[in-house]
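K.L.:
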Amino acid sequence: MFNTYRGQISESRRLAVLLAISGGLMDAYTYIFRDGVFANAQTGNILLLGVNLSEGNYGEALRYFFPVLAFAAGIVLAEVIHHLCTEDGIFHWRQLSVLLECMILFAVGFIPTAFNLPANALVSFACGIQVESFRKVKGNASATTMCIGNLRSGTQAMCDFACSKDKKYLHKGLVYYGIILSFAMGAIIGNILIRHFSQYAIWCSSLLLFAGFLLMFIQSEETPSDSI
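Using the working numbering, read the sequence shown as starting at 3 and increasing by one per residue.
(1) Could you say which of Ile190, Ile220, Phe219 and Met218 lies nearest to Cys206 if we only look at CA atoms?
(2) Quick check: what's the CA-CA separation for Leu124 versus Tyr171?
(3) How big is the Cα-Cα spacing for Leu216 and Ser166?
(4) How many Å lie between Ile92 and Phe127 at the Cα?
(5) Shortest alpha-carbon distance to Met28 belongs to which of Phe212, Phe185 and Ala143?
(6) Output the boundary residues of the alpha helix (DSSP H) element that contains Tyr178.
(7) Which runs of the alpha helix (DSSP H) spanning at least 4 residues fall entirely within the segment 13-85, listed in chain order?
(8) Expressed to the nearest angstrom, what Euclidean distance is found between the alpha-carbon atoms of Ile113 and Gln201?
(9) Have a look at the DSSP bridge pairing and note the partners of Ala143.
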C-alpha cells in the first residue's frame, strides 16, 4: 500500500509544482549569479560550447562543457539508484534521488564565486538527477527542469481540445502550462533571492526539494477522476 501511493504522489501536480519552481530557481541561480551558465537548459550550454570552440575560446568552452557532462552523470546516477533500490525499502528510489539533490544544492551554497565551475557542474548534476527521476505528471510525460517539451505537449493538448471539445485535453493542457508558469515563478523568486542572499539563494531550491521529499510520504488525495 505504501509503495503504491508513493508512486502516485511522485507524479502528482503538487509535487510537480514544487520541482518546477526549484528548477526555475536553479537555472536563474547559475545563469545570473554564476557566470551565465545554464543549470537545466543543456541545449543552451551546448550551443555556447560550440560557439566558443569555433572561436578558439577553449577556456570559456569548458565552462559549458562540464555542466553538460555533469547533467549526463546525474541521469546515470538516478538510474543506478533506481536499479539498486528495492520495493520493500524504507524510501522509494525517487525519494532518495530528491533527497540527494537537496543535499547537493545545500553544499553548493557554501562554494564561493571563485569556484563557479564546480558549483555549476554540481547544480547541473542535481538537475540531471531530477529530470531522470521525475518524468511524468499523472501518467503524462513532463519535465520540471525545462519547458520546451511541456510547451509542445500543452499546446498540442489545447489544439486537441479545440478540435474535439473534450475537456480532458483542456485539463491536460492547463497542467502543462501550469508547470511552465511554476518554472517561471522559480526564476523570478531566484532573481529576487540572489539580490538579497547572493550565493546562498540556492538554499531555497534545497528547501523546496526537501518539502517534496516530505510530500512523497503523504498519500495522494486525488481520485482517479482527477488524473490527466
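Heads up, the beta-carbon is just placed ideally off N, CA and C, and yes, glycines get one too. A quick note: this is a predicted structure, and the numbers were derived from the prediction, not measured.
P.N.:
On the basis of the coordinates in this document:
(1) Start at 1 with the first residue of the sequence shown, and residue 206 comes out as number 204. If we check each option's Cα against that of Cys206, Ile190 comes out closest.
(2) As a working note, residue 124 is residue 122 in the sequence shown. As a working note, residue 171 is residue 169 in the sequence shown. Looking at the two C-alpha atoms, the distance is approximately 37 Å.
(3) Here residue 216 refers to the residue found at position 214 when the sequence shown is read from its first residue. Here residue 166 refers to the residue found at position 164 when the sequence shown is read from its first residue. Their backbone Cα atoms lie some 39 Å apart in a straight line.
(4) As a working mapping, residue 92 is identified with position 90 in the sequence shown. As a working mapping, residue 127 is identified with position 125 in the sequence shown. Ile92 and Phe127: Cα-Cα distance of roughly 25 Å.
(5) For this step, residue 28 is matched to residue 26 along the sequence shown. Comparing Cα-Cα distances from Met28 to each of Phe212, Phe185 and Ala143, the minimum goes to Phe185.
(6) Counting from one through the sequence shown, the residue named residue 178 turns up at place 176. Looking at the DSSP string, the run of the alpha helix (DSSP H) that includes Tyr178 is Lys169 to Phe199.
(7) 15-30 and 44-56
(8) For this step, residue 113 is matched to residue 111 along the sequence shown. For this step, residue 201 is matched to residue 199 along the sequence shown. Those two C-alpha atoms are separated by around 8 Å.
(9) Counting from one through the sequence shown, the residue named residue 143 turns up at place 141. In DSSP, Ala143 forms a bridge with Lys138.
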